[in-house]
Each structure stands twice: as structure tokens, then as C-alpha cells.
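Visitor: Input: one structure, supplied below.
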Amino acid sequence: MRFLKLYARFIPIYFKSKTEHGFGFYMDFVGFALNHVVSYFVIWALMSRFQTINGWNMYEVMLMYTLNMLTFGIAAVFFFFQMTDVEEDVHMGTFDSLLVKPINPFVHMIIRAFGHFFLGDIVIAVGMLVFCFHKLGLSLDFGSAIAFIAVLLGGVLVQAAFIVISGSACFWLVRSRSLMNMVLFGIRDLMDYPVSIYGTVLRGVLTFVIPYAFVNFYPAQLILNRNDDALFASWLPYATPAVGLLLFAIGYRVWNAGLNRYQGTGS
Amino acid sequence: MALIEVEYLRKEFKRQKRKDGFWPLMKSLVHREYEIKTAVENISFTIDRGEVVGYIGPNGAGKSTTIKMMVGILVPTSGIVRVNGLVPYENRIENARRIGAVFGQKSQLWWDTPVIESLRLTKYMYDIPNDRYERNMKLFNDVLDLDEFKKVAVRSLSLGQRMRADLCAALLHDPDIVYLDEPTIGLDVVVKERIRQFIREINRERGTTVILTTHDMADIEKLCSRVMVVDHGKLMYDGNLETLKNDFGNMEKMEVDTDEPFAMSEELRRMGVAFGLTEENRTQLTYDKNSINSTVIIKWIMERYSVRDFIVKETEIEQIIRDLYIHLQQQGTPVSAREEALI
Ligand SMILES: Nc1ncnc2c1ncn2[C@@H]1O[C@H](COP(=O)(O)OP(=O)(O)OP(=O)(O)O)[C@@H](O)[C@H]1O
Ligand SMILES: [Mg+2]
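Chains A and B supply the protein sequences, listed in that same order.
The first sequence: position 59 = 59 (full-length UniProt numbering), numbered continuously.
The second sequence: position 173 = 173 (full-length UniProt numbering), numbered continuously.
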């Protein structure tokens, strides 16, 4: 509660300071939109040629791409620039100020900024989600809507955990930004196509080690009701929320371990 | 029970060794070598409620590092810090409610946010009740003159303005303890004086405990009842200012105006008097006041010269500290002193 109240105080101030930058602020919303348009176009071009990839048709693949984008977008609003700010702070030694305030530094880190940049992504993703649902003839009743939201939140938590963990690397490594980018953008790109197209090793890695498959592959299986290409165990899609919670808890532990390693800079 | 207890406090920093040359660099990618820098070494002290303590020492002595451990920013390598019975880095939130901290080198406020908004955020963050906020703001505004820049973003403030804003923010919630790490760095004379007065008032009226580091000895003289001197991470002196002056301020300086030019005298020198700067008929003499009395010297001079005027100057605190630092350096570890120079 206290957290939400503080959040409500911080956000208007954040936006006021950002809108002062004028045009650039509004351009931010366009953000990666162009990027995504290109990606959808590539999927369209590819799928028009091959019809299906491993049994997944064009709209199913687009749905997967969309889920990845949506869960990342939502997580990024609260964590992405917040964590890059942390990296900057740790590098400059200004992270000190988060450790002398009567509020959990993790919460403080989240509320002092806002990733409006990613709102554009979320809008596009929601639009494409509706479009894919329509094309695939999917509709949600009450129960499946709840299940859908639950797996979506699980996916968001997985994405958030990866942002937090890779971002926290700054407490151990001097130049951690490149690691963060590699994890967040490199590995994430693997997820634009069904995990079932990869070999067993990669499937295992993406399910059990860096479980990115839970941001879109398993949720998509659930939404599309696909039991034919179940990997490892048929109940895995249902584990998405739990995987999200677990991974996020690990992310928080890593962050806390980082705090206690923080050395600051001289002066 | 003392308000702050520090026992055998120690902080080591791990620094990655820099390698020059291709092969050493390649090797360091595989096997990282660290060098350990002990910034604070087995420091122990206690501080009671209401004290104003000056924590001084040469650059790199370990002052900021000690403060950061007391505040809860850094985790000690070993040893104990207890503030109000709490271990700061284990109870950051609880500890933060009761303390205020100003770091002269870095702002604790939100960089992109106007001063007044920053102060308001502080109010919400510390749950300061409205009436107390209004009262404190009014009081602090009078002393710190925040009005002229309250709408300006923290990042665009001048150094002095930023310091005033930071001080205000650090004290808004009536903390029990304030840590001030170089609060007067880079300030003009007027602002410095105003800030000193402010700190004095806060201490007197609210009983706030103050721990401050500084390189400006006037801060120490005007504010602190107790001084701690650190060097190379070790506590070298802990006591009141008077004792420090007596122990290290024993060199006195005398200036004598004579009709005829003053000639150096072997006899005076044997009495322990050193000749300083001499210009025209004014001569400076320095001596250890514990081994020779100024009246003895002046008597000796008056028997030989006609004296127009003379003054005896006690050594200034600046000089005392300079002597003390030099003394420490000669006694301290010359090896690490050289290591510092190489970096
Ligand atoms: N984050 C850090 N990493 C590595 N070494 C550090 C770090 N912080 C401080 N040191 C080293 O520890 C020693 C003590 O530094 P500290 O900042 O405590 O000195 P100080 O007494 O505050 O000096 P100054 O008067 O210059 O502010 C210095 O030798 C410094 O180089
Ligand atoms: Mg310092």
C-alpha cells in the first residue's frame, strides 16, 4: 500500500521531467515499433512460403512472437531502464543514495522511473494479440481468461527476473551492460520460433536452465490447446506461473546479494 | 549504552590488478588477480547522544569508508558497527529512518527532479507529518535560503545550492544522527558560516548527534567538541580539541619588531628557538612552548635590542593538523604511503 502511494507520487514527477524534453518524449512511444513491424513482415514472408513450422501455422507463430513481445514490454516498463539506471549508478558510485533511504532499494529502484518507452510495444502487442485470436478463431470464456492471465503474468515474471538478474551483474562485473543485452536480446530472439524446432539440448536449456520457453512457448501451447508437441511433460504449460514466481524470487535474491557486494567508488 | 558503537571495524576493498602488455592482459582474462586495499583497519570508538564529532585525516585515510559503514551503505569486512542498537547494513530501512546523511561529493536527492519536488518526495518517503514538514521547511528555508532555487532540477544546481538542498533533505525528518561527509566542500565563506551555524543550532536545540568529516579546520574549531584523526585506516587520535592542541600545538610563534636588524644568535638557537621569515626589522621566531617560556625569550631580546612591538601567536589549528599529518606520515607505514603515490 505504502509502495503504491509512493509510486503515485513519483510517477507524475517522472513524467513532468520527461515531457520537458518535448518531441523526443513522444517519439519514444514509437520506440521499437518499426522493429516489430519488420519482424511481423519477416514472419509473414517466411510462413507464406513454408505454411507451417513444425506444425505451427503463421498466426500461431505470430501469436508466439506477440506473447514474447507483450511479456517483455510489460516487464520492461517496470524494470528495464530501472536496471540500466542501476548499472550507471553502481558505476558512478551514486548507488549510495538508494542505500540510505527508508525504503527497500528494490522498490525504490522500480518506482523512481517508468518505462514509457515500452508502452508503444504493449499497444502493438495487444493489437496483434486480438488479431491473432481472431484469425485463429480463439475465444476466451471466464475460466480460460483466468488461465490466460495467469500464464501471461508468469511470462512477465520470467522476463522481469531475467532483466533483474542480468542487470544485477553490475555488482560483480564492471562492464555488465553487454551481458545484459546479450541475455535480454540475444537469447530472447531464440524464442521467436517454437522451441520444438530446436534439438533436445537447447529445448532442455530453454526449459530448465534459462527457462525462456515459459514466456511464450508453453503459454502458447496452453492457449492453443496443443497437446501434440508437448515437450518433456504435458503439464509444463500449467507450471508457467509457478516458474515465474520462482525465477523472480531468485532474481530478488541475486539483487540482494549484489547489494551486499556493492563497494561504491572512492569519494 | 552509547548511541554508536564501533568495534574493530575493518574494510578491505578488492581492486582488480591492472595489467600492461599483451600476455599479462590475456592471462588476467582467465585468472583474475586482485589486490586488497585495507581502507579501514581495526577502528574502535563509541559516540554518545548529542556529541559533535569531527572525523579528520589526510586524503584516502578512510574517513568516507568509515562513514559509509556507519550509514549502512557498505558492509564491513569484519568488526562491528551498531547504531541505536541496530546493525546498519542488516537493518537499512530501520536505520535510515533515524539518520540523515550528506555526502559533499554526491547528492542524495533525485537528480532530474526540482528541489521542492525532491523535498516533497522525502516527506512521503519518511512519512513526515504535514505540520512537522511545514515547520521544518520554514525554519530551514530561513537559514538555507532555498527559495531562490527551489524550482530548479537538482542536476542544475550550483555546488553550494546543492549542498543546502541536501542538508535540508537530510534533516527534514528530525533524525537522531546526521553524518556529514565534507559538508562545506567548495562553499563560499558566507555559506560555510551559515551552514556551520545551522549545524550548531540543530545540535543544540534538538540534541542531534553530528559526525562530520572535513578538510577545513575552521569547521572543526567552530563545531566539534571531539576530534578523531585517522590515517591509513587507523585511528591515531581520539579526544577533545583542547588536548589535541596541547599535544601537537606546542610550537608557538613570536613576531618581534626591533629598531636595528635582528641578528641570528647561536645562543638563542641553543635555547630551542628557530628563526623564521625575517623582513626588514620584523623577525619571526618559533619555539616549543613546553620547553621555553615566551617571557624568557623576550627578556633575552630586550636586553640586546630595543623592541618596538611584539606578538605571540598560538599555532593555528591548521598548522597543528599539518604537523600532526606530517608526524603520522613519518611514523606511519612508508611502504603504503609510496603505494598511494604510485596509483
Ligand atoms: N570503492 C572503492 N574501491 C576501491 N578502493 C576504494 C574504494 N573506496 C575507497 N577506496 C580506497 O580506500 C581508501 C580510503 O578511502 P576513503 O574514501 O575512505 O578516504 P577519505 O578519508 O574519505 O579521503 P578523502 O579525504 O580524500 O575524502 C583510499 O585509499 C581509497 O582509494
Ligand atoms: Mg572522503
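Just so you know, even glycine gets a beta-carbon here, dropped at the ideal spot from N, CA and C.
Note that the structure is predicted; figures quoted are calculated from it, not measured.
#1: Where does Ala263(B) land, buried or exposed, given buried means 16+ other C-beta within 10 angstroms?
#2: Measuring alpha carbon to alpha carbon, tell me which of Gly104(B), Arg98(B), Arg162(B), Pro183(B) ends up nearest Pro102(A).
#3: Return the bridge partner residues of Gln329(B) from the DSSP annotation.
#4: If you measure beta-carbon to beta-carbon, which residues of the region 74 to 90 of chain A are closer than 9 Å to chain B?
#5: Alpha carbon to alpha carbon, how far is Ser166(A) from Leu236(A)? Give it in angstroms, no decimals.
#6: Touching or not, the region 236 to 255 of chain B and the region 202 to 213 of chain B, by the rule of three or more beta carbon pairs under 8 Å?
#7: Does the beta carbon of Ser97(A) fall short of 7 Å from some heavy atom of ligand 2?
#8: Taking contact to mean 3 or more Cβ pairs, one atom from each stretch, closer than 8 Å, check whether the region 1 to 16 of chain B and the region 74 to 85 of chain B are in contact.
#9: Using a Cβ-Cβ cut-off of 8 Å (strictly less than) and excluding sequence neighbours within five positions of Leu342(B), which residues of its own chain qualify?
#10: Does any residue of chain A bring its CB to less than 8 Å from the CB of Lys106(B)?
#11: Per DSSP, what are the beta-bridge partners of Pro114(B) in this structure?
#12: Considering only C-alpha positions, which residue in the set Glu94(B), Gln319(B), Leu157(B), Val190(B) is nearest to Trp111(B)?
#13: Determine the extent of the alpha helix (DSSP H) in which Gln284(B) is found, giving its start and end residues.
#14: Scan the region 67 to 80 of chain B for residues whose Cβ lies nearer than 8 Å to a Cβ of chain A and list them as they occur along the chain.
#15: Using a Cβ-based criterion (distance less than 7 Å to any ligand heavy atom), does Thr213(B) qualify as near ligand 2?
#16: For Arg49(B), which residues of its own chain have a beta-carbon under 8 Å away from its beta-carbon, when the five flanking residues on both sides are left out?
#17: Contact criterion: CB-CB distance below 8 Å. Does Tyr8(B) meet it with respect to chain A?
#18: Using a Cβ-Cβ cut-off of 8 Å, state whether Met137(B) counts as contacting chain E.
#19: Once you ignore the five residues that flank Glu20(A) on each side, which residues in its own chain have a CB closer than 6 Å to its CB?
#20: Measure the beta-carbon distance from Leu119(B) to Leu172(B) and round it to whole angstroms, keeping in mind my assumption that it falls under 8 Å.
#21: Nearest to Thr240(A) by alpha carbon, out of Leu157(A), Leu202(A), Asn256(A)?
#22: For Met251(B), list the residues DSSP reports as bridge partners.
#23: Anything in the region 151 to 178 of chain A with a Cβ closer than 7 Å to a Cβ of chain B? List those residues in chain order, please.
#24: Quick one: what's got a C-beta closer than 6 Å to Val191(B)'s C-beta in the same chain, skipping five residues either side?
#25: Going along the chain, which residues of its own chain have a beta-carbon closer than 8 Å to the beta-carbon of Ser336(B), five neighbours each way excluded?
#26: Run through DSSP, which three-state label would Tyr305(B) get?
#27: Taking the C-alpha atoms as reference points, what is the distance between Val256(B) and Lys299(B)?
#28: Exposed or buried, what is residue 352(A) when buried is set at 16 or more other beta-carbons lying within 10 Å of its beta-carbon?
#29: What separation, rounded to the nearest whole angstrom, lies between the Cα atoms of Thr265(A) and His91(A)?
#30: Less than 7 Å between C-beta atoms, sequence neighbours within five positions excluded: which residues of the same chain meet that for Ile111(A)?
#31: Does the structure place the region 51 to 66 of chain B close enough to the region 244 to 255 of chain A that three or more beta carbon pairs sit under 8 Å?
#32: Threshold first: 3 residues or longer. Then list the beta strand (DSSP E) segments lying entirely within the region 139 to 193 of chain B, N to C.
#33: Under the three-state reduction of DSSP, which class applies to Lys101(A): helix, strand or coil?
#34: Am I right that Trp172(A) and Arg261(A) are in contact with their C-beta atoms under 8 Å? What's the rounded C-beta distance?
#35: Look up Tyr7(A) in the DSSP assignment and say whether it is helix, strand or coil.
#36: Of the residues Arg92(B), Leu235(B), Ile297(B), which one's Cα is nearest the Cα of Leu270(B)?
Guide: So, from the data block:
#1: Here the question's residue 263(B) lines up with position 263 in the second sequence. That one is exposed.
#2: Position 102 of the first sequence holds residue 102(A). With distances taken between Cα atoms, Pro102(A) lies closest to Arg98(B).
#3: Working through the second sequence from its first residue, we reach residue 329(B) at position 329. In DSSP, Gln329(B) forms no bridge with anything.
#4: none
#5: Position 236 of the first sequence, counting from 1, holds the residue named residue 236(A). Position 166 of the first sequence, counting from 1, holds the residue named residue 166(A). Taking the straight line from one Cα to the other gives about 25 Å.
#6: no
#7: For the purposes of this step, residue 97(A) is taken as residue 97 along the first sequence, with counting starting at 1. No - ligand 2 has no heavy atom lying nearer than 7 Å to the Cβ of Ser97(A).
#8: yes
#9: Start at 1 with the first residue of the second sequence, and residue 342(B) comes out as number 342. Residue confidence for Leu342(B) is low, a pLDDT of 35 falling below 50, so the modelled location carries little weight; the figure read from the coordinates is stated next. Hits under 8 Å: none found.
#10: On the second sequence, position 106 is the one that residue 106(B) refers to. Answer yes: the Cβ-Cβ gap between Lys106(B) and chain A drops below 8 Å somewhere.
#11: Position 114 of the second sequence holds residue 114(B). BP columns for Pro114(B) point to Ala153(B).
#12: By one-based count along the second sequence, residue 111(B) stands at place 111. Considering only alpha carbons, the answer is Leu157(B).
#13: In the second sequence, counting from the first residue as 1, residue 284(B) sits at position 284. No alpha helix (DSSP H) contains Gln284(B), which is instead part of the beta strand (DSSP E) from 282 to 288.
#14: Lys68, Val71, Gly72, Ile73, Leu74, Val75
#15: For the purposes of this step, residue 213(B) is identified with residue 213 of the second sequence, where counting begins at 1. True, at least one ligand heavy atom lies under 7 Å from that Cβ.
#16: The sequence position of residue 49(B) within the second sequence is 49, counting from 1. Around Arg49(B): Leu3, Asp176, Gly207, Thr209.
#17: The sequence position of residue 8(B) within the second sequence is 8, counting from 1. With 8 Å as the cut-off, Tyr8(B) does not count as an interface residue toward chain A.
#18: The displayed structure is made up of protein chains A and B, and chain E is not among them.
#19: One-based indexing of the first sequence puts residue 20(A) at position 20. Nothing meets the Cβ criterion.
#20: Here residue 119(B) refers to the residue found at position 119 of the second sequence. Here residue 172(B) refers to the residue found at position 172 of the second sequence. The pair is a contact, with the Cβ atoms about 7 Å apart (cut-off 8 Å).
#21: Here residue 240(A) is taken as the residue at index 240 of the first sequence, counted from 1. Cα-wise, what sits closest to Thr240(A) is Leu157(A).
#22: Counting from one through the second sequence, the residue named residue 251(B) turns up at place 251. According to DSSP, Met251(B) bridges with Asp288(B).
#23: none
#24: Position 191 of the second sequence, counted from the start, is the residue given in the question as residue 191(B). Once the five neighbours on either side are set aside, the close Cβ partners of Val191(B) are Gly160.
#25: If you number the second sequence from 1, residue 336(B) lands on position 336. Confidence in Ser336(B) is poor, its pLDDT being 31 and thus under 50, which makes the residue's placement too unreliable to answer from.
#26: As a position in the second sequence, residue 305(B) is number 305, starting the count at 1. Three-state result, Tyr305(B): coil.
#27: Locating residue 256(B) in the second sequence gives position 256, where the first residue counts as 1. Locating residue 299(B) in the second sequence gives position 299, where the first residue counts as 1. Approximately 12 Å between the Cα atoms of the pair.
#28: What the structure shows of chain A is the stretch from 1 to 267, and residue 352(A) is not part of that stretch, so it cannot be assessed.
#29: Against the first sequence, residue 265(A) aligns to sequence position 265. Against the first sequence, residue 91(A) aligns to sequence position 91. Those two C-alpha atoms are separated by around 8 Å.
#30: Walking along the first sequence from the start, residue 111(A) turns up at place 111. Cβ neighbours of Ile111(A) beyond the five flanking positions: Leu6, Tyr7, Phe10.
#31: no
#32: 177 to 181
#33: In the first sequence, the residue the question calls residue 101(A) occupies position 101. Reduced to three states, the DSSP call for Lys101(A) is coil.
#34: Locating residue 172(A) in the first sequence gives position 172, where the first residue counts as 1. Locating residue 261(A) in the first sequence gives position 261, where the first residue counts as 1. With 8 Å as the limit, Trp172(A) and Arg261(A) qualify as a contact, their Cβ atoms being about 7 Å apart.
#35: On the first sequence, residue 7(A) is found 7 positions in, with the first residue counted as 1. If DSSP states are grouped into helix, strand and coil, Tyr7(A) belongs with the helices.
#36: Looking up residue 270(B) in the second sequence gives position 270. The sequence as given places Arg at residue 270(B); Leu does not occur at that position. Of the listed residues, the one whose Cα sits closest to Arg270(B) is Ile297(B).
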